[in-house]
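Quick notes on the structure that follows.
2 protein chains.
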Amino acid sequence: MCAKILADCSPFVNLFYVRVELALSPTISLGIFSDSDDHERQERRDAVANRQLILETAHDLFAQHGVAAVSMADIAGAAHVGKGTLYRRFTNKGELCLALMDEQMRMFQERMLNQMRVESAENTPYLDQLAHFLDALVYFVDIHIPLLYEAAQLAPSLESAAQRPHFWQYMTVRGLLESAARAGELRADLDIEFSAEALLAPVNAQVFRYQRQILGFSLERISAGLRTFVAGVAIAA
Amino acid sequence: MCAKILADCSPFVNLFYVRVELALSPTISLGIFSDSDDHERQERRDAVANRQLILETAHDLFAQHGVAAVSMADIAGAAHVGKGTLYRRFTNKGELCLALMDEQMRMFQERMLNQMRVESAENTPYLDQLAHFLDALVYFVDIHIPLLYEAAQLAPSLESAAQRPHFWQYMTVRGLLESAARAGELRADLDIEFSAEALLAPVNAQVFRYQRQILGFSLERISAGLRTFVAGVAIAA
DNA sequence: CACACAACCGGACTACAGTCCACTTGTATC
DNA sequence: GATACAAGTGGACTGTAGTCCGGTTGTGTG
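Taken in sequence, the protein lines are chains A and B. Under my numbering, the residue at position 84 of the first sequence is numbered 84, and the numbers go up by one with no gaps. Count along the second sequence from 1, add 1000, and you get the number used in my numbering.
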């Protein structure tokens, strides 16, 4: 599925951005690009209430004891809900973690999208836009690292939703690199798809957490380092 | 502990290489740099036999059913050994996976060490050495990715042994970058420690597996991409 | 309003990682 | 060879993720 979306995508940042956002919206489970009223049989009212209840309960428990220390049974218990109900709403703990940051993720995407629109209008070089994006991403990831890390560890299958955060990041970076290439900002020989992955690799939850907690890198340092690597893919000035 | 070793380490590649290897040898559990006969009370003969038996059994089961599909209980059962015994030898599944590739890892280190010695003698630029190292690493990681991935997922604590493979890779890359810096091959502003991490990030088991299995990148492609990124940290020619 | 059925719910159940501890055995010492 | 005890051993036990299924309830249709 990812591959299909990827293949279909228009190279224009703004366009595919919105599309990706749509495609990955959790309320629209099927019908990838159908944009409005596919009333795919709504969730029942009690189910919606439960989802909300679970999310709030999980949020509180996570805040109180840390993500890793809270079990699914704990959440179900605290929300006075059976485990079956919990797992019907969120197929695994990683999914729940992702759902918990869904709204903020959405806002972050929105913000980045806007920023890129503005910067494009101002003719900011695409590689600068890329650096700005990565900078913002570093700070965003740092805030949500407990949830992101947990989600990454508990992803059962590789194709699964745990890759969702990574996916739009990838599409964005790739889009910016492609734009940069068209604008002649890039070294000619560059493998854009690989480069997008490589630039995002240090922001992978596992890698990022290691850099922060074991190596003690500051956010500024990581961000600056990434900026250097972005500069590395530019044509020699 | 890692931090300490790291701090103490001589910047000379060859030296710290050997030291790291020594320090991380699984048979020498304590006494980090004591180099020869600390007869730290040997394992009992039956224990040694069991370790071997377990390793062989695990190897066979993994080969037959895949790493993920084999449980610790399976291994214990097939080896006619209690779970207590199994866990006394290998504190978790990740540790067992690492032990399983210990010898080949050792040989790989040896090979790389030799190669770097030769290339240094021939005055091969350090950045070229680095590219060669990363190239070899990509192929090595690919062979052992099932074990490496499992080990990475099952690492309980960050400081734990699961970082062992990463650690010497890091020391090597960092050492090469430092040598390159001294030789004036590097951009002046470069953050060497971060760069070492960033160059290795695409070889992180999770990231690497994603690139291979979902994105379908070939080994050649990854290797070539990394080479480009190494070139990116060089001074403009 | 009554009916049907899909969606929902709770909690018992399985499978697995990892711990614990009472018991056994190898080995160093005299 | 007898003794002491550290090291090793097996398997019962705990805690957690995730599945399953019989019973319940909300909602669209006549």
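Don't be surprised by glycine CBs; every beta carbon is placed ideally from N, CA and C. Predicted, not measured: the structure shown is a model, and the values here were computed from it.
8 Å Cβ shell around residue i - same chain, five flanking residues per side excluded
i: B:L1100; result: L1055, A1058, H1059, F1062, L1147
i: B:Y1170; result: A1196, E1197, L1200
i: A:R174; result: I192, E193, A196
i: A:L24; result: Low confidence applies to A:L24: its pLDDT is 33, below 50, so where it sits in the model is not reliable enough to give any reading.
i: A:G82; result: A76
Beta-carbon contacts of residue i that lie in its chain and below 6 Å, excluding the five residues immediately before and after
i: A:L79; result: Here residue 79 of chain A turns out to be Ala, not Leu, going by the sequence shown. The answer, listed in chain order, is L53, I54, T57.
i: B:L1134; result: L1226
i: B:A1151; result: G1094, C1097, L1098, A1162
Per-residue DSSP class, three states only, for residue i
i: A:A79; result: coil
i: A:A188; result: coil
i: A:A224; result: helix
i: B:A1236; result: coil
i: A:S120; result: helix
i: B:N1092; result: coil
i: A:N204; result: coil
i: A:G66; result: coil
i: B:F1217; result: coil
i: B:P1125; result: coil
i: A:Q42; result: coil
i: B:M1101; result: coil
i: B:A1155; result: coil
i: A:A183; result: coil
i: A:S71; result: coil
Within 7 Å, strictly: CB atoms of residue i and residue j
i: A:A121; j: A:E185; result: no
i: B:P1165; j: A:A201; result: no
i: B:I1145; j: B:R1044; result: no
i: B:V1138; j: B:I1222; result: yes
i: A:L254; j: A:L176; result: This structure gives no information on residue 254 of chain A, because the portion of chain A shown stretches from 1 to 237.
i: B:R1246; j: B:R1089; result: Past the edges of chain B, shown from 1001 to 1237, lies residue 1246 of chain B, and the structure says nothing about it.
i: B:A1231; j: A:A236; result: no
i: A:A205; j: A:Y149; result: yes
Residues near residue i in its chain [Cβ-Cβ closer than 7 Å; skip 5 each side]
i: B:V1207; result: A1201
i: A:L219; result: V138, Y139, D142
i: B:V1070; result: L1061, F1062
i: A:L86; result: I54, M72, I75, A76
task = Could you list the residues in the segment 1173-1207 of chain B with a C-beta less than 8 Å from some C-beta on chain A, going in chain order?
result = R1187, D1189, L1190, D1191, E1193, F1194, S1195, E1197, A1198, A1201, P1202, N1204, Q1206, V1207
inquiry  = Residues of the segment 1208-1229 of chain B in Cβ contact with chain A at a cutoff of 8 Å, in chain order, please.
reply    = R1209, Y1210, Q1211, Q1213, I1214, L1215, F1217, R1221, I1222, A1224, G1225, L1226, T1228, F1229
Residues within the segment 1141-1156 of chain B neighbouring chain A, beta-carbon criterion of under 8 Å = A1152, Q1153
message = Between the segment 176-185 of chain A and the segment 1215-1231 of chain B, can you find at least three pairs of beta-carbon atoms closer than 8 Å?
response = no
request  = Give, in chain order, every residue of the segment 109-142 of chain A whose Cβ lies closer than 8 Å to some Cβ of chain B.
outcome  = none
ask   = Taking any Cβ of chain B, which residues in the segment 36-65 of chain A have a Cβ under 7 Å from it, in chain order?
value = none
request  = Check distances from the C-beta atoms of the segment 87-110 of chain A to those of chain B and list, in chain order, the residues that come in under 7 Å.
outcome  = none
Interface residues of the segment 1068-1080 of chain B facing chain A [CB-CB below 8 Å] = none
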